[in-house]
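J.: This note's numbering numbers the first residue of the sequence shown as -1 and each following residue consecutively. C-beta: ideal position from N, C-alpha, C; glycine also.
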Amino acid sequence: MAAPRFDELIHASTRLSIMAMAAAGAAIEFRFIRDELGVSDSVLSKHLGALEAAGYLTVRKENLGRGRRRTRVDITEEGDTAFHGHVAALDAIIGGAAGRRADTGGDEPGNAPGDEADRAARAPGAVPREP
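1. CB-CB under 8 angstroms to Ala87, same chain, minus the five flanking residues each way: which ones, in chain order?
2. Using the beta-carbon count (16 or more within 10 Å), is Arg117 buried or exposed?
3. Could you tell me whether the segment 16 to 28 touches the segment 68 to 77, using the rule of 3 or more Cβ pairs below 8 angstroms?
4. On a Cα-Cα basis, can you pick out the residue from Ala0, Arg13, Glu76, Asp89 that is closest to Val41?
5. Express the C-alpha separation of Arg67 and Glu60 in angstroms, rounding to a whole number.
6. Mapping DSSP to helix, strand and coil, what is Val37?
7. Reducing DSSP to helix, strand and coil, say where Asp5 ends up.
8. I need the DSSP call for Arg13, collapsed to helix, strand or coil.
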């Protein structure tokens, strides 16, 4: 398991989705990623370029003949480590938040820290709510 490490580059939702698809297995085609994410070619190219520049992905263009080309994307070992480290960091953040919520009785309406009712209850001169 990768050590938890939050990665700002991966964290953007489009890049996180790209990395998740790439980490799932074999090389994937550009058009598949584009269609799954519902983004334009230019938007996807920009994100792939950033991830490739960081060493997280390889992007290969293949000639299929008759003027047809295919672009394949694959995760690198460094990218796989970074992705799984980022996921571990997110798990730690989420787990910590869930633990804090349980400790504060946050599952009950009005008891979550920062809740409007919670803020009102702590206001100067506030009268405690009846159970």
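T.: Per the coordinate set shown:
1. In the sequence shown, counting from the first residue as 1, residue 87 sits at position 89. Cβ neighbours of Ala87 beyond the five flanking positions: Pro2, Arg3, Phe4, Asp5.
2. The residue given as residue 117 occupies position 119 in the sequence shown. The pLDDT assigned to Arg117 is 47, lower than 50, so where the model puts this residue is not dependable, and the model offers no usable value.
3. Touching, yes, given that three or more Cβ pairs across the two stretches are closer than 8 angstroms.
4. As a first step, residue 41 must be located in the sequence shown, where it is residue number 43. Closest option to Val41, judged by alpha-carbon separation, among Ala0, Arg13, Glu76, Asp89: Arg13.
5. Counting from one through the sequence shown, the residue named residue 60 turns up at place 62. Counting from one through the sequence shown, the residue named residue 67 turns up at place 69. Roughly 6 angstroms between the two C-alpha positions.
6. The sequence position of residue 37 within the sequence shown is 39, counting from 1. In this structure, Val37 counts as coil in the three-state DSSP scheme.
7. Numbered from 1 along the sequence shown, position 7 holds the residue referred to as residue 5. Note: Asp5 maps to coil in three-state DSSP.
8. Taking the first residue of the sequence shown as 1, we reach residue 13 at position 15. In this structure, Arg13 counts as helix in the three-state DSSP scheme.
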